[in-house]
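Reading through the structure tokens given below for one structure.
There are 2 protein chains.
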Amino acid sequence: MLNDEEMQIWHMWKGSFKRIFSRVIKEMTEHTGLSEGDFGVLDRIDHFGNGKLRQQDLVDSMEWTKSRLSHHLTRMEQRGLVLRKPLDTGNGVQVIITSSGKSALDDSRPIVSKAIRKYFLDQLTEQDIELITNLAKRINLGS
Amino acid sequence: MLNDEEMQIWHMWKGSFKRIFSRVIKEMTEHTGLSEGDFGVLDRIDHFGNGKLRQQDLVDSMEWTKSRLSHHLTRMEQRGLVLRKPLDTGNGVQVIITSSGKSALDDSRPIVSKAIRKYFLDQLTEQDIELITNLAKRINLGS
DNA sequence: ATATCATGGTTGATACGTCAACCACAATAT
DNA sequence: ATATTGTGGTTGACGTATCAACCATGATAT
């Protein structure tokens with residue numbers, strides 16, 4: 001169904017991604033103790049919500065299920081990175097970043113940026129960037 | 001540390017990969033009940049070992065830790081996909097694909113191939129393929 | 001012969017992901 | 001007023017991933 005060359009392309013692509021990605025994440029977790037998910041959550045609360053964000057909005061922007069987010073927030077709450085507070089106005093829950101969550105985030109940002117540059121951007125040519133941009137467009141249109 | 005455009009490249013790349021990859025895997029698991037790991041293990045036993053493979057060889061070719069493989073094989077053994085048998089000659093364990101493991105694998109191959117073509121290869125131009133090949137070379141050399 | 005080391009594998013604890021079932025509240029229809 | 005539906009969130013069970021500690025066997029050095 002696929003010839004050797006086609007199979008190879010797939011494996012190379014998969015392999016490149018996994019290597020690069022795990023290097024970036026590893027660099028962050030080793031330096032700050034945040035997981036990929038932790039960082040994503042904190043980043044969005046900070047960036048889109050300016051310190052607090054409704055759980056459902058978080059679900060949408062993370063492209064996670066509500067279940068996954070709920071479980072993850074439980075763990076983050078336990079570690080003191082965020083708080084959860086029921087909304088006064090009817091249904092829903094506010095997720096609030098704590099000061100320790102905020103400083104973990106601030107510590108992580110430069111580390112993540114440096115790692116992305118080192119392991120990813122520095123490896124790319126102009127052409128690569130075009131490829132990525134075009135491919136992303138096609139993928140996102142295609143569904 | 002990173003400008004908006006650089007951040008976008010990263011997110012597009014990450015997003016494209018995750019979407020494509022999860023579509024391929026989902027297609028397989030829905031049709032055959034095999035996870036990505038299951039398929040990888042069975043594929044290698046079949047392809048490199050012709051039905052049986054030493055656990056350590058499996059570890060090497062999967063690029064997994066021995067611990068991860070051990071846990072995974074325990075689950076696969078429970079489901080009757082593989083058997084484990086201590087090697088007579090000293091140390092080590094043979095992992096043997098069962099007939100039900102083999103047929104699950106055979107069922108999966110065409111499904112995986114079709115999915116890779118549909119969600120990945122069909123999206124690529126000749127040029128894209130060349131770029132991916134080169135990129136992969138750079139990544140894999142770089143460590 | 002026995003201490004030491006390297007290799008190959010297991011185990012337990014814990015974090016992360018997914019699925020299906022469930023619960024709470026609000027809006028709408030009758 | 002009360003049933004129905006939709007939205008927002010939780011929970012429990014289980015599969016997957018990682019880490020560190022551990023155990024068994026085989027090879028090497030003394």
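Just so you know, the sequences run in chain order B and U.
Numbering of the first sequence is given in full-length UniProt numbering, commencing with residue 1 and proceeding in unit increments.
Numbering of the second sequence is given in full-length UniProt numbering, commencing with residue 1 and proceeding in unit increments.
Beta carbons are placed, not taken as given, at the ideal position from N, Cα and C, and that holds for glycine.
Could you tell me the distance, in whole angstroms, from the CA atom of E36/U to the CA atom of S70/B? 25 Å
Using a Cβ-Cβ cut-off of 7 Å (strictly less than) and excluding sequence neighbours within five positions of I116/B, which residues of its own chain qualify? V24
Same chain only: Cβ atoms within 7 Å of M76/B, ignoring 5 sequence neighbours per side: D38, V41, V82
Extent of the continuous alpha helix (DSSP H) run through residue 146/B: Chain B is shown only over 1 to 143; residue 146/B falls outside these bounds and no answer can be derived.
Going by DSSP, name the residue or residues bridged to V24/B. In DSSP, V24/B forms no bridge with anything.
Is I14/U close to chain B, meaning its C-beta is less than 9 Å from at least one C-beta of that chain? The displayed chain sequence assigns Lys, not Ile, to residue 14/U. For K14/U, the answer is yes, since a Cβ of chain B falls inside 9 Å of its Cβ.
Taking just the CA atoms, how far does I97/B sit from L53/B? 9 Å
Give the straight-line distance between the Cα atoms of F48/B and P86/U, rounded to the nearest whole angstrom. 56 Å
Host beta strand (DSSP E) of Q123/U (start-end): Careful: Q123/U lies outside any beta strand (DSSP E) and carries neither H nor E.
Candidates G15/B, G80/B, L34/B, of which the one nearest S100/B by Cα: G80/B
So does the stretch 103-113 of chain B actually touch the stretch 53-69 of chain B, counting three or more Cβ pairs closer than 8 Å? no
Check each candidate in Q127/B, L121/B, I132/B and name the one with the smallest Cα separation from M1/U. L121/B
Mapping the DSSP letters down to three states, classify Q135/B as helix, strand or coil. The displayed chain sequence assigns Leu, not Gln, to residue 135/B. The answer is helix: DSSP assigns L135/B an H, G or I state.
Can you find a C-beta in chain B that's less than 9 Å from the C-beta of F48/U? no
Strictly by DSSP, which residues pair up with I9/U? Paired residues: none, contrary to the question.
If you check the beta carbons only, do Q123/U and I9/B fall under 9 Å apart? no
With 16 other Cβ atoms within 10 Å as the buried cut-off, status of D128/B: buried
Which residues of the stretch 18-33 of chain U have a Cβ closer than 9 Å to any Cβ of chain B? Give them in chain order. K18, R19, I20, F21, R23, V24
Using a Cβ-Cβ cut-off of 7 Å (strictly less than) and excluding sequence neighbours within five positions of S16/U, which residues of its own chain qualify? none
Element boundaries [alpha helix (DSSP H), containing R75/U]: 66-78
What did DSSP end up calling L42/B once you bin it into helix, strand or coil? helix
Quick one: what does DSSP say L83/B is sitting in, helix, strand or coil? strand
Using 9 Å as the threshold, is the C-beta distance between D43/B and L105/B below it? yes
State yes or no: is the beta carbon of M1/U nearer than 9 Å to at least one beta carbon in chain B? yes
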